[in-house]
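Okay, structure first, notes after.
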Amino acid sequence: MENFDLQNNVNPFLVIGALIFYTGSIYEVVDMNKEKVFIKDELNNFLEISDEDWQGIPLTDEWLEKFNLNLSTRIKNKKTEVNWVIKSTGKYFYITIYNEHYGDNPVIGLKYVHQLQEWYFRLTEENLKLN
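Throughout the sequence shown, residue numbering follows my numbering, covering 8 to 138 in sequence.
This is the structure:
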């Protein structure tokens, strides 16, 4: 997974390898330019779609498990060495700096799988892979 050239893509919140819904199926983002998102399905069928044509996959406990993550998993920021952790309000997931003694700050909402993949990449500079 990697970030796209921010000057030459249609959506700055997608990373290569992001999982999205398109026409009721799950696809992986493989490339992007200023006009199109290029995706493939599990059979390696490739399509190009507009940024308005896809939907996010809602993030759930089951999706966290598919990535071998849970609500107590610490994710280390490669640049700062600070640990982040995924948490939940019971209704929403979010990522925050790990802190044993104080409240959660900052809080970044994670509504969709591709958002988790994006933030994982931003922190670790590594792909978030399915089990």
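Where is the CB? At the ideal position from N, CA and C, for every residue including glycine. Small disclaimer: the values here were computed from a predicted structure and weren't measured.
Inset, instruction - Quick one: using the 10 Å Cβ neighbour count with 16 as the cut-off for buried, is residue 121 buried or exposed? - result: In summary, residue 121 is buried, with 16 or more beta-carbon neighbours lying within 10 Å of its beta-carbon over all protein chains present.
Legend entry - Boundaries (first-last residue) of the alpha helix (DSSP H) holding residue 140: Lying outside 8 to 138, the shown extent of the chain, residue 140 is not represented and no answer is given.
Legend entry - residue 79 versus 100, 133, 64, 36, residue with shortest Cα-Cα distance: The shortest C-alpha separation from residue 79 is found at 100.
Inset, instruction - Please state whether DSSP places residue 33 in a helix, a strand or coil. - result: In the structure shown, residue 33 sits in a strand (DSSP, three-state: E or B).
Legend entry - Minimum length 4: unbroken alpha helix (DSSP H) runs contained in the region 77-136: Uninterrupted alpha helix (DSSP H) stretches at least 4 residues long and entirely within the region 77-136 occur at 120-131, given in chain order.
Inset, instruction - State buried or exposed for residue 50, treating a residue as buried only when at least 16 other CB atoms are found within 10 Å of its CB. - result: Of the residues assessed, residue 50 falls on the exposed side of the cut-off, its CB having fewer than 16 other CB atoms within 10 angstroms.
Legend entry - Chain-order list of residues whose beta-carbon lies under 8 Å from that of residue 53 (same chain, five-residue window excluded): Take residue 53, set aside five residues on each side of it, and the residues of its chain with a beta-carbon closer than 8 Å to its own are 37, 45, 46, 47, in chain order.
Legend entry - Sub-7 Å separation of residue 130 and residue 123 beta-carbons: Taking C-beta atoms as the reference points, residue 130 and residue 123 fail to come closer than 7 Å.
Legend entry - Range of the contiguous beta strand (DSSP E) that encloses residue 44: Per DSSP, residue 44 is one residue of the beta strand (DSSP E) stretching across 44-47.
Inset, instruction - Could you tell me the boundaries of the beta strand (DSSP E) in which residue 64 lies? - result: In the DSSP assignment, residue 64 falls outside any beta strand (DSSP E) and carries neither an H nor an E.
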